[in-house]
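My numbering numbers the first residue of the sequence shown as 13 and each following residue consecutively.
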Amino acid sequence: MVEVLTAKVSLGVSACLADCPVRYNGKRFDALSGLGRERGDFSITPVCPECMAGFGVPREPIHLTGTGQEVLAGTAKVENRFGRDVTAAVIAGSQACVDALERAGARVVILKEKSPSCGLHAAKVGRSRRREALGSGVFGAMLAEKGWFLIPDTAFNSPLTWWDWRRRMHAWLWLSDRPIATNGDLTSAWHVVKFVLQETGRATADEVGRALAALPKHAPVEELEALRARMLELLKVPTTRQRAMSYLWKTYSHASKKGTLEGIDMHELTVRSPEVQRNVTTIAEEMIGLERISFENDLLFGTSPVIYRERRRVHMRDEALGRTKTDEGD
């Protein structure tokens with residue numbers, strides 16, 4: 013059975029990406045338009061660490077002398093264009109945003125990449141801001157320390173890229189909240205998410221699978237949680253276009269050979285082999301189409317093992333399937 017989240021995802025987002033004019037020069041982006049009709053699936057909390065630092069709009073641009081991780085460690089600083097040290101203010105503003113997100117129950121955050129505060133993987137450092145560091149901005153580094161699911165705004169570069177981030181986010185939230193007390197609990201969870209983990213990193217996923225099989229009978233909770241943590245980290249790793257197509261075809265072919273799709277309304281969905289060239293929009297449409305069929309028929313497809321649907325739609329689905337009692341997952 014497909015796992016279904018029925019509670020809206022609490023989503024933090026850099027405010028400048030949510031059409032709020034809070035950049036240092038007063039500009040903004042409407043990146044969330046990339047969510048399309050899915051926007052209603054989220055409860056969105058915009059935050060801006062530089063505004064919360066008390067800098068206002070417009071303001072002097074800031075730059076890092078090292079990565080955000082180094083700033084938090086006390087080995088680098090944040091300065092404005094005049095060389096004034098504003099490190100303490102940026103750290104305080106970042107912490108204020110973390111506090112707000114915690115009150116909102118958000119563990120997923122979309123961040124403005126390359127920003128000295130919100131950058132996730134490639135924050136720009138130095139006064140010229142021409143050099144990208146292999147690290148985060150200050151706020152991005154603070155969130156990374158909490159272990160949350162962090163998404164760069166480049167996730168909206170294409171429909172396929174966003175689909176990949178969304179399906180891994182749903183799986184991450186589901187696995188984070190799933191009660192794990194026994195070997196069997198963890199093994200059951202592994203069988204739900206393992207296909208995604210194998211797609212994004214086969215060698216590492218196989219290591220986790222072997223570690224799971226090698227657990228002693230009645231393994232202590234600490235060992236179970238350590239393996240869960242490894243699985244959660246793997247769910248943060250993006251896929252590639254080619255791997256996504258290959259695993260989509262593998263999932264579809266396996267279901268077809270088993271007869272799982274016999275008598276099922278495919279809604280004119282055509283899933284093509286990886287050798288057939290098509291654009292990312294078409295590939296994403298195939299992925300989303302398979303999710304629809306997965307939900308309507310309560311079938312587990314490894315490429316999207318956890319999906320979101322409103323509670324009323326789950327009730328309607330279960331009635332259509334002739335069920336008298338709904339088995340829901342929040």
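Ideal Cβ positions, reconstructed from N, Cα and C, are used throughout, including at glycine. All values derive from a computational prediction rather than experimental measurement.
- Residues of the same chain with a CB within less than 7 angstroms of the CB of L227, apart from the 5 flanking positions on each side, are N195 and E235 in chain order.
- In the structure shown, P61 falls within a helical segment according to DSSP collapsed to helix, strand and coil.
- Excluding sequence positions up to five before and after G314, its CB lies within less than 6 angstroms of the CB of F207 and T263, all in the same chain and listed in chain order.
- Boundaries of the alpha helix (DSSP H) harbouring S106: T99 to A116, taken from the DSSP string.
- Under the three-state reduction of DSSP output, P70 falls in the coil class, being neither helix nor strand.
- Between the region 291-310 and the region 324-334 there are three or more C-beta pairs closer than 8 angstroms, enough to call the two in contact.
- Under the three-pair Cβ rule at 8 angstroms, the region 295-302 counts as touching the region 248-262.
- Between L123 and L84, the C-beta gap is not smaller than 9 angstroms, which leaves the two residues out of contact.
- For the options V205, A100, Q289 and V16, the alpha carbon positioned closest to that of F67 is the one of A100.
- Between A30 and the set R180, V288, C60 and P171, the nearest pair of CA atoms involves C60.
- Counting the other Cβ atoms within 10 Å of the Cβ of T252 gives fewer than 16, which makes it exposed.
- The criterion of a C-beta distance shorter than 9 angstroms is satisfied by G80 and G152.
- Distance from the CA of G48 to the CA of S26, rounded to the nearest whole angstrom, comes to 18 angstroms.
- The bridge partners DSSP lists for I56 are L23.
- Proximity to L281 across K39, L247, S265 and G301 peaks at G301, based on C-alpha coordinates.
- Taking 9 angstroms as the cut-off, the beta carbon of A116 is found closer than this to the beta carbon of S55.
- The alpha-carbon of D111 is positioned some 36 angstroms away from that of A256.
- With a beta-carbon spacing of about 35 angstroms, H75 and E50 fall beyond the 8 angstroms limit used to define contacts.
- If only uninterrupted alpha helix (DSSP H) runs of at least 4 residues are considered, those enclosed by the region 135-213 are 150-158, 171-189 and 195-212.
- For the pair L224 and L198, the CB atoms are nearer than the 9 angstroms cut-off.
- A buried status is given to S127, since no fewer than 16 other beta-carbon atoms sit within 10 Å of its beta-carbon.
- Judged by DSSP in its simplified three-state form, L84 adopts helix.
- In the three-state reduction of the DSSP assignment, V283 falls in the coil class.
- In this structure, the beta-carbon distance from H203 to V318 does not fall below 9 angstroms.
- Counting only the Cα atoms, S148 lies some 29 angstroms from G52.
- R179 counts as buried, since no fewer than 16 other beta carbons sit within 10 angstroms of its beta carbon.
- Classified as buried, Q210 has 16 or more neighbouring CB atoms from the shown chains inside 10 Å of its CB.
- Listed as beta-bridge partners of A30 by DSSP are D42.
- L113 and G24 have their C-alpha atoms some 6 angstroms from each other.
- Taking 9 angstroms as the cut-off, the Cβ atoms of L17 and L187 do not count as close.
- S316 is a Cβ neighbour of V14, given a cutoff of 9 angstroms.
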